[in-house]
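Take a look at the structure below.
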Amino acid sequence: MTSSPPSPTPALPDDPAPHDLARDPARPRRPAPVDLLVVGGGPAGLAAAIHAARAGLEVVVAEPRPSPIDKACGEGLMPPAAHHLAALGVDLTSGRPFRGIRYLDHRDPRLSVDAAFHGDPGLGIRRTALHAALAARAADLGVTLRPCRVTSVIQRDRFVEAAGLRARYLIAADGLHSPVRRALGLTRRLPWPARYGMRRHYRLAPWSDRVEVYWHPSAEAYVTPVADDLVGVAFLFRRPGDFVGLLRAFPLLAGRLSGAPEASPLRGAGPFAQTSRQRVAGRILFVGDAAGYLDPLTGEGVALGFASARAAVDAIVAERPERYERAWQKSAWRPFAVTAALLALTAHPWPRRALLGALRAAPPLLGGAVRLIAG
Numbered sequence: 336m337t338s339s340p341p342s343p344t345p346a347l348p349d350d351p352a353p354h355d356l357a358r359d360p361a362r363p364r365r366p367a368p369v370d371l372l373v374v375g376g377g378p379a380g381l382a383a384a385i386h387a388a389r390a391g392l393e394v395v396v397a398e399p400r401p402s403p404i405d406k407a408c409g410e411g412l413m414p415p416a417a418h419h420l421a422a423l424g425v426d427l428t429s430g431r432p433f434r435g436i437r438y439l440d441h442r443d444p445r446l447s448v449d450a451a452f453h454g455d456p457g458l459g460i461r462r463t464a465l466h467a468a469l470a471a472r473a474a475d476l477g478v479t480l481r482p483c484r485v486t487s488v489i490q491r492d493r494f495v496e497a498a499g500l501r502a503r504y505l506i507a508a509d510g511l512h513s514p515v516r517r518a519l520g521l522t523r524r525l526p527w528p529a530r531y532g533m534r535r536h537y538r539l540a541p542w543s544d545r546v547e548v549y550w551h552p553s554a555e556a557y558v559t560p561v562a563d564d565l566v567g568v569a570f571l572f573r574r575p576g577d578f579v580g581l582l583r584a585f586p587l588l589a590g591r592l593s594g595a596p597e598a599s600p601l602r603g604a605g606p607f608a609q610t611s612r613q614r615v616a617g618r619i620l621f622v623g624d625a626a627g628y629l630d631p632l633t634g635e636g637v638a639l640g641f642a643s644a645r646a647a648v649d650a651i652v653a654e655r656p657e658r659y660e661r662a663w664q665k666s667a668w669r670p671f672a673v674t675a676a677l678l679a680l681t682a683h684p685w686p687r688r689a690l691l692g693a694l695r696a697a698p699p700l701l702g703g704a705v706r707l708i709a710g
C-alpha cells in the first residue's frame, strides 16, 4: 500500500494513541472506520457500493429517501449503461429494449431522421425499477443502508467523518446539487443557459422501437418506451412553462398521446450545467451528477455515472484516490464535448431545422453521431 493522500483541508488530529486511552479509561473508544461511506443512494451511488462490496470492502450507503427512488429523467439507458448493469450483476425483470434514436421536427413529419444502433439495444426502464434492482443487488452483497441525510463532512488524516460514521474514504454521489460538494466549496456553474426538465408517463403501447426526440425552437421532447403498455415523455427547456403548455407546442406528439391516460405524477429537475472544481478532495471522491453534469440532451448521464463509480472504487482499492481525477476526465470528455456541440448547434430555431435537414441528406452523419453517443 502507498501512503495516504494529503487532505485539502487543515489536518485534524486522529484519536489518541492506545497509551493515551489507557491513561483515561473513561474515554470511550471510537469504532474503527468502515472502508467506504457512499453519500447518496441513487444509481451512481449504488453502483459504487456494489463495486466496492465485490472488491471486499465494508460499505455503508447514507440515503434519506425510501426505496425505490424516482427522478425526473428520460429513462432511456443507452447501450453502455446496459453493459455496466450486466457487469454489476444487476437482474432487471422489467423494461423494454429500444434499437435506435429518431429525431423529428415538432410539427413537420417530413423532417425526421432515424438511426439504429449497430450493436446491442438500449433499454427503456422506469427509474423506480432500475433503482429497486440496484438496491437489491447491493443488499445481497451485504451493503448497509443508513437512512440519513449528509450535509457536512469532517476530513482527518486517515479517515472522513459524516453521518455519525467514520470511513477510510467517502464517495459523494449526492446528485446535481450535491450538499457535500457545496459544503467543500467546490461547486462551479458552467457557462450555459439554465435548462430544466419535466417528465410524465402515459398508459399506451409504444408506437416505435426508437427513443423519439422532437425538436422545437425552445425545447426538446423525449419519448421513451419503458414497458409494453407505457411510454415516458420528458421535456427539456429553457423558458419557464408548464407540462400541458409544452405538450401543446408539439402537435405531432400531442396527437400520439391524445386520449391516453396519465400514468405517473409530474416530476421536474434542474437547473443543469453544474460541475465540481475537482473530483477528488483528499479522501472524498465525487461520482455521478455530483462530479459534473452538462445537460441530459444525449441521454448519457446514467452511463457516465456508472463509469465514474467504477473508476472511483478502482482508485480507492488501489489506495490511490488521486488517480480518479484523470479517469473521470477520460470518460467524461466525449459526452461533454458532444453535448456542448449539440447545445450550441440547437440554441436557435434555424440551426435546429438546418441540422435535421443536413442529417436527412447525409444519413451517415447521424449514424456516426449515434455510434459516438452509444459507445
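According to this note's numbering, the sequence shown is numbered sequentially starting from 336. For each residue, glycine too, the CB sits at the ideal point set by N, CA and C.
How would you write the range of the beta strand (DSSP E) that His466 sits in, first residue to last?
Per DSSP, His466 belongs to no beta strand (DSSP E); it is in the alpha helix (DSSP H), Arg462 to Asp475.
Put Trp542 into one of helix, strand or coil per three-state DSSP.
coil
Measure from the alpha carbon of Leu521 to the alpha carbon of each residue in Glu398, Ser611 and Leu592, then state which is nearest.
Ser611
Can you tell me which of the three DSSP states Gln490 falls into?
strand
Can you say whether Thr559 is buried or exposed, counting buried as having 16 or more other CB atoms within 10 angstroms of its CB?
buried
Give the range of the alpha helix (DSSP H) segment to which Arg517 is assigned.
Pro514 to Ala518
Among the residues of its own chain, which have a CB less than 7 Å from the CB of Ala540, if the five just before and after it don't count?
Asp563 and Asp564
Inter-stretch contact at 8 Å, needing at least 3 Cβ pairs: the segment 495–502 / the segment 431–446
no
With Arg481 as the anchor, note down where its beta strand (DSSP E) starts and where it stops.
Thr479 to Arg481
Measure the C-alpha to C-alpha separation of Val478 and Ala379 and round it to an integer number of angstroms.
14 Å
Have a look at the DSSP bridge pairing and note the partners of Asp449.
Arg437
Check whether the Cβ atoms of Val579 and Gly411 lie closer than 8 Å to each other.
no
Residues near Ala604 by beta carbon distance below 6 Å, same chain, minus five either side:
Ala407 and Gly532
Since Asp544 and Thr463 are thought to touch, with beta carbons under 8 Å apart, how far apart are those beta carbons, to the nearest angstrom?
At roughly 23 Å, the Cβ-Cβ gap does not stay under 8 Å, so Asp544 and Thr463 are not in contact.
DSSP three-state label for Arg431, please.
strand
Expected contact under 8 Å - CB spacing of Asp630 and Gly640 to nearest Å:
Asp630 to Gly640, Cβ: 15 Å. No contact.
For Pro401, collect the residues of the same chain with a Cβ closer than 8 Å to its Cβ; drop the 5 residues on either side in sequence, then sort them by chain order.
Pro482
From Asp443 to Leu458, what does the alpha carbon distance come to, in whole angstroms?
28 Å
Could you check what DSSP says for Leu392 in three-state terms: helix, strand or coil?
coil
What span of residues does the alpha helix (DSSP H) with Gly535 cover, start to end?
Going by the sequence as given, residue 535 is Arg instead of Gly. Per DSSP, Arg535 belongs to no alpha helix (DSSP H); it is in the beta strand (DSSP E), Tyr531 to Tyr537.
Just to confirm my understanding: we take Ser424, look at its own chain, exclude 5 residues before and 5 after, and list those with CB closer than 7 Å. What are they?
In the sequence as displayed, the identity of residue 424 is Gly instead of Ser. Within the same chain, Gly424 has close Cβ partners Arg472.
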